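Quick notes on the structure that follows.
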Amino acid sequence: MTDTPSTPLSPQSGVIEGDVHRYALRVFYEDTDAGGVVYHANYLRWFERARSDLLDVLGIDQRASLEAGAGLYTVAEANLRYLSPARLGDSILIETWAESTGRVASVLRQVALRDGVRLCEAAVKVAFISPEGRPRRQPEAWQQAFTTLVPIAAPAPEGPE
139 MTDTPSTPLS PQSGVIEGDV HRYALRVFYE DTDAGGVVYH ANYLRWFERA
189 RSDLLDVLGI DQRASLEAGA GLYTVAEANL RYLSPARLGD SILIETWAES
239 TGRVASVLRQ VALRDGVRLC EAAVKVAFIS PEGRPRRQPE AWQQAFTTLV
289 PIAAPAPEGP E
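Quick note, the sequence shown lines up with residues 139 to 299 if you use the numbering used here.
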């Protein structure tokens with residue numbers, strides 16, 4: 139056994155392709171409920187991981203921003219729609235794009251897919267807040283980064299509204 143791995147390890151990371159961030163994960167036993175399907179709250183966890191990875195890929199360092207007294211993003215609203223179950227061992231792709239971006243908040247759309255099948259979709263409003271928890275204008279560079287993820291024609295949710 140060696141102290142240092144021969145291959146450098148890196149945290150799981152997604153990619154931005156065009157105006158969509160893609161983040162892959164696998165369903166583990168801990169993600170499932172007694173019925174053998176993914177427990178509904180775990181989609182929130184997965185969407186949060188994908189959004190956190192998106193910030194990393196965009197070069198947004200929330201921890202440094204908070205430590206500098208500027209602030210950070212928080213979820214102001216989250217609306218989820220469950221469409222089909224995921225199961226143990228499934229490979230899941232989380233896609234994230236910006237529906238809109240403003241001075242203080244941005245609305246992100248997210249979808250969990252298995253082999254192209256929509257499992258769950260979400261609209262998540264993230265707001266920038268001060269260290270004291272008050273709404274604050276997003277840093278201009280961060281707002282511009284989200285703007286790059288606003289598609290000219292955002293994919294419409296499937297199914298009845």
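Where a beta carbon is used, it is the ideal one built from N, C-alpha and C, also for glycine.
Note that the coordinates shown come from a computational prediction; the quantities given were computed from them, not determined experimentally.
Query	Result
In chain order, what are the residue ranges of uninterrupted beta strand (DSSP E) at least 3 long that sit wholly in the segment 228–290?	229–239, 243–252 and 255–267
Out of Asp199, Leu204 and Val249, point me to the one whose CA is closest to Leu257's CA.	Val249
For Ser238, I'd like the list of residues in its chain whose CB is within less than 8 Å of its CB, leaving aside the five on either flank, ordered along the chain.	Ser244, Val245 and Val288
For Thr286, which residues in the same chain have their Cβ closer than 7 Å to its Cβ, ignoring the five residues on either side in sequence?	Asp157
In this structure, does DSSP put Leu221 in helix, strand or coil?	coil
Give the secondary structure of Ala179 by DSSP, where H, G and I count as helix, E and B as strand, and everything else as coil.	helix
Just the C-alpha distance for His159 and Trp184, rounded to the nearest angstrom, thanks.	13 Å
How big is the Cα-Cα spacing for Leu226 and Leu196?	31 Å
Hey, how far is the Cα of Ile198 from the Cα of Gly174?	37 Å
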